[in-house]
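**Q** Line by line, the protein sequences are chains A and B.
If you read the first sequence in our numbering, its first letter stands for residue 1, the second for the next number, and so on.
If you read the second sequence in our numbering, its first letter stands for residue 309, the second for the next number, and so on.
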Amino acid sequence: MTVLAPPTISRTGQAAPRPPRRRRSWTGWAFVGPFMAVFAFVFVAPIAYALYLSVFRTRLIGGTSFVGLENYQQAFTDPQFWSATWRVTLFLLVQVPIMLFLALLVALAIDSGRLYGKAFFRVAVFMPYAVPAVVATLMWGFMYGSRFGLIGNINDALGVMLPDPLSPDLVLASIGNIVTWEFVGYNMLIFYSALQVVPKSLYEAAELDGASQLQVIRSIKIPAIKGALLIATIFSIIGSFQLFNEPSILQSLAPNAITTYFTPNMYAYSLSFSGQQYNYSATVAIVMGVLTMIVAYAVQLRGTRKDR
Amino acid sequence: MFTNRRAFLRTAALATAAITTAALAACGSDDGGDTTTPVTADQVQAALDKGGSITVWAWEPTLKQVVTSFEAKYPKVKVNLVNAGTGNDQYTALQNAIAAGSGVPDVAQVEYYALPQFALGKSLTDLAAFGAGELDGTFTPGPWSSVKTGGGTFGLPMDSGPMALFYNKEVFDKHQIAVPTTWDEYAAAAKKLHAADPKAYITNDTGDAGFTTSLIWQAGGKPFAVDGTNVKINLADEGSAKFAGTWQKLISDKLLAPVGSWSDGWYKGLGDGSIATLVIGAWMPANLESGVPGAKGKWRVAPMPQWTAGANAAAENGGSSLAIPKAGANNALGYAFLKYATAGEGVKIRVDNGAFPATTAELKSAEFLGKEFPYFGGQKANEVFAKSAADVVPGWSYLPFQVYANSIFNDTVGQAYVTDKPLTDGLKAWQEASAKYGKDQGFTVG
Chain A
1 MTVLAPPTIS RTGQAAPRPP RRRRSWTGWA FVGPFMAVFA FVFVAPIAYA
51 LYLSVFRTRL IGGTSFVGLE NYQQAFTDPQ FWSATWRVTL FLLVQVPIML
101 FLALLVALAI DSGRLYGKAF FRVAVFMPYA VPAVVATLMW GFMYGSRFGL
151 IGNINDALGV MLPDPLSPDL VLASIGNIVT WEFVGYNMLI FYSALQVVPK
201 SLYEAAELDG ASQLQVIRSI KIPAIKGALL IATIFSIIGS FQLFNEPSIL
251 QSLAPNAITT YFTPNMYAYS LSFSGQQYNY SATVAIVMGV LTMIVAYAVQ
301 LRGTRKDR
Chain B
309 MFTNRRAFLR TAALATAAIT TAALAACGSD DGGDTTTPVT ADQVQAALDK
359 GGSITVWAWE PTLKQVVTSF EAKYPKVKVN LVNAGTGNDQ YTALQNAIAA
409 GSGVPDVAQV EYYALPQFAL GKSLTDLAAF GAGELDGTFT PGPWSSVKTG
459 GGTFGLPMDS GPMALFYNKE VFDKHQIAVP TTWDEYAAAA KKLHAADPKA
509 YITNDTGDAG FTTSLIWQAG GKPFAVDGTN VKINLADEGS AKFAGTWQKL
559 ISDKLLAPVG SWSDGWYKGL GDGSIATLVI GAWMPANLES GVPGAKGKWR
609 VAPMPQWTAG ANAAAENGGS SLAIPKAGAN NALGYAFLKY ATAGEGVKIR
659 VDNGAFPATT AELKSAEFLG KEFPYFGGQK ANEVFAKSAA DVVPGWSYLP
709 FQVYANSIFN DTVGQAYVTD KPLTDGLKAW QEASAKYGKD QGFTVG
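1. Quick check on residue 674 of chain B: buried or exposed, where buried means 16 or more other Cβ atoms within 10 Å of its Cβ?
2. Under 8 angstroms Cβ-Cβ, which residues of chain A neighbour residue 576 of chain B?
3. Thinking just about the alpha-carbon of each residue, which of A:94, A:57, A:187 is nearest to the one in residue 130 of chain A?
4. Below 8 angstroms on the Cβ atoms is my guess for residue 553 of chain B versus residue 605 of chain B; work out the distance and round it to an integer in Å.
5. Under the rule that 16 or more other beta-carbon atoms within 10 Å means buried, what is residue 281 of chain A, buried or exposed?
6. Can you pull the chain A residues whose beta carbon is under 7 angstroms from the beta carbon of residue 403 of chain B, in chain order?
7. Given a cut-off of 8 angstroms on the beta-carbon distance, is the pair residue 414 of chain B and residue 652 of chain B in contact?
8. Where do the N-terminal and C-terminal ends of the alpha helix (DSSP H) with residue 139 of chain A fall, by residue?
9. Using only the alpha-carbon positions, how far apart do residue 151 of chain A and residue 41 of chain A sit?
10. Once the 5 residues before and after residue 570 of chain B are set aside, which same chain residues still bring their CB inside 7 angstroms of it?
11. What's the call for residue 387 of chain B, buried or exposed, on a 16-neighbour Cβ count within 10 Å?
12. Give a yes or no on whether the minimum CB-CB distance between residue 712 of chain B and chain A is below 8 angstroms.
13. Can you check whether the C-beta of residue 745 of chain B is within less than 8 angstroms of a C-beta belonging to chain A?
14. Going by the DSSP bridge assignment, what does residue 365 of chain B pair with across the sheet?
15. Would you grab the beta carbon distance between residue 643 of chain B and residue 352 of chain B for me? Rounded to a whole angstrom, and I think it's under 8 angstroms.
16. Based on the DSSP output, what are the partners of residue 475 of chain B in its beta bridges?
17. Would you tell me roughly how many angstroms separate the C-alpha atoms of residue 326 of chain B and residue 584 of chain B, rounded to the nearest one?
18. So with CB distances below 9 angstroms, who are the chain B contacts of residue 155 of chain A?
19. Report the rounded CA-to-CA distance for residue 125 of chain A versus residue 193 of chain A, giving the unit in angstroms.
20. Using a beta-carbon distance below 8 angstroms, is residue 739 of chain B in contact with chain A?
21. For residue 452 of chain B, count neighbouring Cβ atoms within 10 angstroms of its own Cβ and tell me buried if that reaches 16, exposed if not.
22. Please check the pair residue 472 of chain B and residue 590 of chain B, which I expect to be a contact at CB under 8 angstroms, by giving their CB distance rounded to whole angstroms.
23. Per the DSSP calculation, residue 360 of chain B is bridged to which residue(s)?
24. Short of 8 angstroms in beta carbon distance, which residues of its chain neighbour residue 160 of chain A, apart from the five on each side in sequence? Order them along the chain.
25. Taking DSSP as the reference, what is the three-state secondary structure of residue 726 of chain B?
26. Identify the continuous alpha helix (DSSP H) that holds residue 50 of chain A and give its terminal residues.
27. In or out: residue 620 of chain B buried (at least 16 other Cβ within 10 Å) or exposed?
28. Can you pull out the residues from the segment 55-73 of chain A whose beta carbon lies closer than 7 angstroms to at least one beta carbon of chain B?
29. For the beta strand (DSSP E) that contains residue 535 of chain B, what are its first and last residues?
30. Check whether the Cβ of residue 177 of chain A lies closer than 8 angstroms to any Cβ atom in chain B.
31. Taking Cβ positions only, does residue 97 of chain A come closer than 8 angstroms to chain B?
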């Protein structure tokens with residue numbers, strides 16, 4: 001940011017020691033201006049507008065009125081909202097560890113250098129991430145079908161009766177399976193690239209000291225990629241809380257198992273688009289946003305504290 | 309999981325944009341007042357002569373042929389027929405477009421049950437301004453009274469849906485099952501059929517609000533009572549209880565194919581005999597012909613099974629009007645098409661292609677009644693439908709927020725299909741959730 005203080009000596013013709021006294025330069029703002037404008041327009045304005053919406057209530061009969069924090073009160077005591085939040089929390093607690101563990105495992109395997117066809121595996125595991133979530137969900141939806149899908153075919157061929165993956169008890173696990181399939185590769189790539197920058201000399205030193213591969217992993221590799229693990233965890237937390245695409249698409253296949261308030265985002269969506277309750281929908285979105293921020297921040301604090 | 313977040317941000321942004329424009333649009337219309345200026349027939353004709361293009365959102369299959377002939381008659385007009393989804397899917401899209409103020413179609417198919425909600429939300433043009441009042445007497449009383457809601461005429465009836473029993477005769481003959489005339493017989497037939505062929509079901513049902521309300525209607529139930537902004541909901545009345553009693557048996561014994569209507573699996577099931585009957589509106593033949601061409605000649609039509617043996621009660625199922633969203637770009641041209649399709653030459657084209665009209669003249673014509681349907685093995689199916697239309701139980705009404713109520717049907721009643729929760733509890737939950745929404749929206753709910 002040297003631009004902020006251009007040399008003025010030649011123009012004033014005075015001796016250098018005297019501190020330059022001049023009006024504050026706005027040049028810097030000219031440089032950050034475009035960013036600030038875009039930032040204000042696409043980031044600040046929608047949030048401000050959502051906040052504004054959340055203190056009103058529009059009804060079919062009676063129009064719009066100012067209600068202060070009533071919408072927030074309603075959200076905090078809304079059983080549907082909390083059941084949705086609890087559902088994604090459960091998802092977070094089960095699916096994210098499984099996914100990150102698998103991703104770590106694959107990253108370590110590829111990094112170990114003992115895998116034949118390393119490049120192929122790297123691409124193959126990453127490939128699902130390149131499939132749009134919508135397509136992936138449709139594809140899995142067909143496989144989950146117990147009448148016409150893969151499950152149905154297996155049932156027919158083997159004469160068994162597999163449990164229906166789209167039943168209310170299993171549908172969350174089925175969605176977890178889809179999300180894991182989609183994002184293992186992505187997280188693997190984060191871990192793998194972090195592993196790439198570990199100095200090879202450390203491995204050589206470990207080998208000289210007679211460390212086993214497991215010891216190398218435990219004492220060198222995992223500590224070295226702690227930052228990447230933290231980032232991946234935070235991304236996954238945010239992703240879990242914002243779960244929407246997968247359940248929303250599967251809903252047409254399992255309308256009774258996936259309710260309109262299955263996840264907080266689906267709840268906000270149906271409030272606003274089926275119920276035209278834009279105000280309450282904005283409130284739910286804000287509460288969920290704040291919750292996500294709190295959880296992500298807490299994890300980050302904990303993660304960085306351990307670093308010391 | 310970025311995709312999730314992006315999608316959500318996009319949705320949020322869309323919603324934000326939608327709300328902003330809705331607010332702006334609301335301000336705009338305040339200036340002009342709420343009265344619609346009359347549009348004369350000359351002005352409509354002028355719009356036709358000038359030409360242009362309009363967008364029609366509809367899923368009704370025979371409109372395709374109507375568009376073709378309309379464009380042939382008025383070569384300067386281009387009609388974009390878009391299938392924006394069936395029923396609720398389309399209403400969601402329509403509400404979004406109206407709220408966003410862009411991408412709103414000029415003409416939209418709106419089922420009778422959904423019309424009050426759109427009219428109440430001031431989203432539709434009152435067609436009285438186009439002189440739609442002159443068409444009094446053109447349509448049968450039921451559909452005509454359905455479009456005259458909230459002090460205006462917010463659509464013109466396109467079809468009506470008196471219900472009938474569609475059954476796959478081949479399946480019934482193969483297993484020697486008599487065509488049921490009562491719901492008890494229907495339940496017995498369901499059992500017999502599924503026992504004879506474990507892959508075959510009497511019908512499909514995964515919880516369908518329109519179907520459920522129609523059956524309650526036929527059973528004499530009147531769960532929704534609307535008087536202005538006073539709404540009464542009682543999904544435990546006698547009619548509702550009759551429905552719940554019979555249907556609970558079918559659900560508990562797993563005699564209903566767990567296949568959603570209009571899904572690929574549904575069409576497949578209708579074609580291969582694994583879904584043996586449909587109790588559905590008289591607009592179905594056109595859908596069967598286009599969606600299940602392979603089963604031509606196998607299906608037949610019979611009167612609806614009765615709740616009381618020997619009775620003659622029927623109900624409407626679906627049935628749509630064509631309406632003009634206020635925010636559409638070309639209202640005059642839209643009306644020209646709408647009138648052509650619902651009261652003009654379009655009616656005959658649609659009837660010829662298997663649609664069931666809502667116009668008195670067609671319903672009474674000997675040609676219509678005597679029409680033999682090759683799809684139904686030459687049966688004169690319209691006689692059954694016309695009889696059903698005459699037998700519709702009077703006095704039914706939908707909620708002024710039925711679209712929303714139907715959207716949460718699977719959250720509540722739907723649970724009875726996948727858990728041990730009884731259907732009556734589901735109906736009760738539906739009633740409570742609908743009442744809560746009504747109250748939130750400013751209705752007095754008793």
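Note that CB positions come from ideal geometry on N, CA and C, so glycine has one too.
**A** Inspection of the coordinates gives the following:
1. exposed
2. 148
3. A:187
4. Incorrect: roughly 36 angstroms between the Cβ atoms, too far for contact.
5. buried
6. 273, 276
7. no
8. 133-144
9. 48 angstroms
10. 394
11. buried
12. yes
13. yes
14. B:390, B:416
15. 6 angstroms
16. B:585, B:608
17. With a pLDDT of 43 at residue 326 of chain B, under the threshold of 50, the modelled position of that residue is not reliable, and the figure given next carries that caveat. Their Cα atoms are separated by approximately 44 angstroms.
18. Per Cβ cutoff of 9 angstroms: no residues; residue 155 of chain A is ~12 angstroms from chain B at best.
19. 14 angstroms
20. no
21. buried
22. 6 angstroms
23. B:385
24. 154
25. helix
26. 45-53
27. exposed
28. 59, 60, 61, 62
29. 532-535
30. no
31. no
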